[in-house]
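This report refers to the structure that appears directly beneath it.
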Amino acid sequence: MSIDKPIFRFAVFLGCLLLASPWLPQWAMFMITIAGANGMVVLGLMLFLRAGLVSFGQALYFCVGAYATGLMTQMFKFTDIFVLLISAGVMSGVLAYILGFLLAKYRAIFFGLLSLAFSMILYGLLAKTEALGSTDGFNIPAITILGWLPPQPLVRVTILAVTFAVMLLCLTFVNGLLRSPRGLLLTAIRDNEIRAEYMGASAQRTIHLIYVIAGVLAGLGGALAAVTVGHIDPAMAFWTTSGEFIFITILGGIGSVLAPFLGSMVFGVIHTVAFANSPNTWQMMIGLALIAVILLLPDGLWSLVSRMKKARA
Amino acid sequence: MSSIILNAKGLNKSFGAVTAASDIHVAVEQGACIGLIGTNGAGKTTFVNMITGYLKPDSGVIEFDGRDITDLIPRQITQLGISRSFQIPQLYNTMTALENLEMSYGVISLIAHHGSLFTRTDAIVPGYGKTIRALAEESLEKFGLSAYRDKVTRVLPGGVRKLLDIAMAMAVRPKILLLDEPTSGVSAEEKFDIMDMVMNVVRSGGTTVMFVEHDMEIVARHADRVLAFYDGSIIADGPPQQALKDPRVLKYIVGESQAASVVGEAH
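Encoded structure:
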């Protein structure tokens, strides 16, 4: 694993954003943090798409991460963000490992629908569980960092900084993975699974592996979203949430590990602007944006960056 | 006497009422080059598919290097040292020729590193002494494919795709290589050159080869032993001079009119 130039530049950009945070309005910091949390989930979906798979149920792990965070604060009174993040990652990773034995056997629409089914089962369970607030969910208390409770004006920027750190770690890891033979194997599996198997590679094991990685990424995203919003509810597992993640994946493209974050940032802007201007029909604006991307930029927003790079070369 | 590397004992395989393999017994000597002939549906590809683990025989045992591999899956069989090429080349169509080969060596490196996530693409492949890139380039050169290095395989001509498919099968340095109709879909002018090149590269490493082939001239030229399949059974097994003259082979496979010219070519 090595930090390559684009990731380094992205890290510098995030650092500048943090430095500029005193001048950023609270809503902008909120939007960027949520974009980072969504980007984590989409980073996992990008791995799937590289292998030719689409999950219609990645919100399952997003929600598990959020509820793991919530349960740690409720049951064990933990508020340290690192403990919460680790718990979320472990819980979602363990669940993905178990479900992965089944899902890694399926491809195409069967993989997509099976993942959707599991996310809807979780939604149903949570919605019926009164102890966890049913459809209302419950609130997450203020977080601490290694025993330090950030004062109210610094909460947003603290969570933003943690989000950036988690994002960069995950980006570097996924980037290294995609450049390793295991990562290249994803495209090989998408192109010709038979050949990959006859070369001695296990497609199933590879898909199981990325399923767990994507699960952990989504769980971390869920935990970050939970502490940012300060509230969780079963809608985090609902199919529309998974749909949003797929939307962001298409919006960003799969050309780079940075694409999911570009996609989720632009999605955040579209969402915020659309909601502010037409609170009753904002979904229509999102729909129109999706149509525009599919028609004009079928390889996502990242294709613009790729084109610019090519033109410069 | 050479040692037996592959031993198929009493293989049977049926698909409903159709018998694709009936009591097949074949012992393959190390270093042999065996031509598998027969009409379509005679059971050649079924035999290849059983050896490579794609099909499980209804009964019978396949031993490789003294080990029972009957119940192993293709991946495990490849890792033991049996690889194959396909009648229709199985390539990664969105990748370039170089990337296809890099992928093959990448898998080898990954297996050598026990599937580690941190296997690097620029590291030396254990047991090969070179990087993935260097091995892929070397393989392209050996098979005369350097000119197609950066071409996406989807657009490559049939003969080139065949060669690339075989180059990928050879990447694992197999002890046995099975070639399923290496010259089908290749123009008549190209196929002798292609087969000469393949056999040169493959045989220089002492790999045992079994190839399915319809062109009897190619069989006579390259095989040192011929297995003739008919209706799921082996009707002749011997050196080409002898097997291609067998009355049943002449009747069912070669055709009487072609016999003289073909056998004349035999070495």
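Heads up: the protein sequence lines correspond to chains A and B, in order. Going by our numbering, 243 is the number at position 243 of the first sequence; the sequence numbering is gapless. Going by our numbering, 525 is the number at position 212 of the second sequence; the sequence numbering is gapless. Note that CB positions come from ideal geometry on N, CA and C, so glycine has one too.
For the pair A:Leu-60 and A:Leu-126, the Cα-to-Cα distance works out to about 11 Å. DSSP, reduced to helix, strand and coil, places A:Asp-299 outside both helices and strands of the structure shown, so it counts as coil.
Remark: three or more beta-carbon pairs, one from each stretch, lie closer than 8 Å, so the segment 77–89 of chain A and the segment 137–152 of chain A are flagged as touching. The Cβ atoms of A:Met-46 and A:Ala-259 sit closer than 8 Å to each other. Under the DSSP assignment, B:Lys-326 falls outside any alpha helix (DSSP H), being part of the beta strand (DSSP E) whose first and last residues are 317–328. In the displayed model, B:Ser-422 falls within a helix according to three-state DSSP. Close partners of A:Met-46 in chain B (Cβ separation under 9 Å) are lacking, with about 16 Å as the shortest Cβ gap. For the pair of segments examined, the segment 380–388 of chain B was found not to touch the segment 433–450 of chain B: the number of CB pairs separated by less than 8 Å stays below three.
At a cut-off of 8 Å between beta-carbon atoms, A:Thr-187 makes contact with chain B. Fully contained in the segment 180–229 of chain A are the following alpha helix (DSSP H) runs of length 4 or more, in chain order: 181–191, 193–198, 203–229.
Proximity of chain A to B:Gln-400 at the Cβ level (cut-off 7 Å) is not reached, the minimal Cβ distance being about 12 Å.
Residues of chain A whose Cβ lies closer than 9 Å to the Cβ of B:Asn-362 do not exist; the shortest such Cβ separation is about 11 Å.
When C-beta distances to chain A are compared with 9 Å, the residues of the segment 414–433 of chain B below that value are Glu-415, Met-416, Ser-417, Tyr-418, Gly-419, Val-420, Ile-421, Ser-422, Leu-423, Ile-424, His-426, Gly-428, Ser-429, Leu-430, Phe-431, Thr-432, Arg-433, in chain order.
With a contact defined as Cβ atoms closer than 8 Å, A:Val-266 and A:Gly-93 miss out at about 29 Å. B:His-338: not part of any alpha helix (DSSP H); member of the beta strand (DSSP E) spanning 331–342, first to last residue. Boundaries of the alpha helix (DSSP H) around A:Leu-116: 108–128.
The continuous stretches of beta strand (DSSP E) do not include B:Thr-520, and DSSP gives it neither H nor E. Note that the segment 474–492 of chain B touches the segment 394–405 of chain B; at least 3 beta-carbon pairs, one per stretch, sit closer than 8 Å. Looking only at A:Leu-85, A:Gly-44, A:Phe-30, A:Ala-311, the smallest Cα-Cα distance to A:Leu-217 is reached by A:Gly-44. Cβ proximity to chain B below 8 Å picks out Gly-176, Leu-177, Arg-179, Ser-180, Pro-181, Arg-182, Leu-184, Leu-185, Thr-187, Ala-188 from the segment 166–188 of chain A.
Secondary structure note for A:Gly-39: its alpha helix (DSSP H) is the uninterrupted segment 26–50. At least one CB of chain B lies nearer than 8 Å to the CB of A:Met-199.
What A:Ile-159 touches in chain B, judged by beta-carbon distance under 7 Å, is nothing: the nearest beta carbon there is about 29 Å away.
Taking a contact to require three or more Cβ pairs closer than 8 Å, the segment 194–204 of chain A and the segment 386–393 of chain B qualify as touching.
What B:Ser-327 touches in chain A, judged by beta-carbon distance under 7 Å, is nothing: the nearest beta carbon there is about 23 Å away. With a cutoff of 8 Å on beta-carbon distance, B:Leu-458 and B:Val-468 are scored as not near each other. Our two residues, A:Leu-17 and A:Ala-37, have alpha carbons roughly 16 Å apart in a direct line.
Under the three-state reduction of DSSP output, A:Leu-85 falls in the helix class. Within its own chain, no residue has a Cβ closer than 6 Å to the Cβ of A:Ile-109 once the five positions on either side in sequence are excluded. Using beta-carbon distances, A:Asn-280 does not count as an interface residue toward chain B, since no partner is under 8 Å.
Taking a cut-off of 8 Å on C-beta distances, the segment 344–363 of chain B touches the segment 539–548 of chain B, as three or more cross pairs fall below it. In chain order, Gln-403, Leu-404, Tyr-405, Asn-406 make up the part of chain B whose C-beta sits under 8 Å from the C-beta of A:Asn-192. About 6 Å separates the CB atoms of B:Pro-487 and B:Ile-395; that is less than 8 Å, so the two are in contact.
In this structure the segment 172–192 of chain A touches the segment 415–432 of chain B; the number of beta carbon pairs closer than 8 Å is three or more. Non-local C-beta neighbours of B:Arg-516 in its own chain, meaning closer than 8 Å and more than five positions away in sequence, comprise Cys-346, Val-522, ordered along the chain.
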